[in-house]
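Basically the numbering used here = 1-based index in the sequence shown + 432.
Think of the CB as a built atom: it goes at the ideal place given N, C-alpha and C, for glycine as much as any other residue.
Owing to the predicted nature of the structure, the values given are computational and were not obtained by experimental measurement.
Heads up, the thing below is written out as structure tokens.
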Amino acid sequence: MRERKKRRTRQALSDAAVALFLEKGYDAVSVAEIAAAAEVSKPTLFRYFPAKEDLVLHRFADHEDEAARVVTAARAAGTAPLDALHAHLLSGLHRRDPVTGLCDDPDVLAFHRLLYGTPVLVARLPTYRRRSEAALAAALGGDPLEARLAAGQIVAVLRILAEENVDRIAGGATADALAEEAVAAAGRAFRTLREGLSY
């Protein structure tokens, strides 16, 4: 129950911050203003989010071990990691999961504009990707270098596919119109992971 309450508080703080950032711009909003909007003290806010950037980027943090969890569950079921990750991506595309970039919900589009239009937030994204790679490498196991190389390639593929979808939707495509191409691109990308680069 305590954990649920903490998650709700964390989400409420992030929601309040993102709403202010979207309204006024990231740089124009102070931490004190966010705390006041969420009706908490600044020390309370900092207990949940050590830095202002984390109020936005925690949405990535919630997914940073997602690939690792998929691989761990797949191994228990006797499924190969790449097969499980590909299936998981296809499921996300079908659901229009924002993580896949194939989502044209206005709130998601506004969040993407905030994120990718704010240099300080963009600069922090590699930190989350490195943690995602480390978690995935640990789940893959085996030779540490091979696991790191594989995890780096897989995380890069997932990122690039999502960015392609985000860019196309930002350019005016709808998620439904883009869906077939996104699924085909995912197939090509995972085929490249399985078979190796042609360069």
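Residue i and residue j closer than 8 Å at C-beta
| i | j | result |
| --- | --- | --- |
| residue 531 | residue 490 | no |
| residue 564 | residue 497 | yes |
| residue 562 | residue 569 | no |
| residue 665 | residue 598 | Residue 665 falls outside the range modelled here, since the chain spans only 433 to 631, and no answer is possible. |
| residue 590 | residue 617 | no |
| residue 587 | residue 519 | no |
| residue 582 | residue 525 | no |
Residues of its chain near residue i, where Cβ-Cβ distance is below 7 Å and the 5 sequence neighbours each way are ignored
| i | result |
| --- | --- |
| residue 461 | 452, 453 |
| residue 607 | 528, 534, 535, 536, 601 |
Counted within 10 angstroms of its Cβ, other Cβ atoms place residue i as buried (16 or more) or exposed
| i | result |
| --- | --- |
| residue 435 | exposed |
| residue 446 | buried |
| residue 577 | exposed |
| residue 552 | exposed |
| residue 629 | exposed |
| residue 619 | exposed |
| residue 574 | exposed |
| residue 484 | buried |
| residue 614 | buried |
Contacts around residue i, its chain only, beta-carbon distance under 8 Å, and the 5 residues preceding and following it disregarded
| i | result |
| --- | --- |
| residue 621 | 589, 592, 593 |
| residue 540 | 530 |
| residue 450 | 487, 488, 543, 546 |
The ligand FAD heavy atom lying under 7 Å from the CB of residue i
| i | result |
| --- | --- |
| residue 542 | What this structure holds is no ligand at all, so the ligand FAD is not there to describe. |
is_contact[residue i, chain B] using C-beta, thresh 8 Å
| i | result |
| --- | --- |
| residue 566 | The structure shown contains no chain B; it holds only a single protein chain. |
Cβ shell of residue i (< 6 Å), same chain only, five flanking positions each side left out
| i | result |
| --- | --- |
| residue 458 | 550 |
Runs of beta strand (DSSP E) wholly within the region 555 to 602 (minimum 3 residues, chain order): Counting whole runs of 3 or more residues, the region 555 to 602 contains no beta strand (DSSP E) stretch at all.
Does the region 497 to 513 come into contact with the region 462 to 471, if we say contact requires no fewer than three beta-carbon pairs (one atom in each stretch) closer than 8 Å? Put simply, the region 497 to 513 does not touch the region 462 to 471. Fewer than three CB pairs are less than 8 Å apart.
Touch check for the region 598 to 612 and the region 539 to 552: three-plus C-beta pairs under 8 Å? Contact holds: three or more Cβ-Cβ distances are below 8 Å.
Tell me, please, whether the region 480 to 490 touches the region 547 to 559 by the rule of three or more beta-carbon pairs shorter than 8 Å. Enough Cβ pairs lie closer than 8 Å, so yes.
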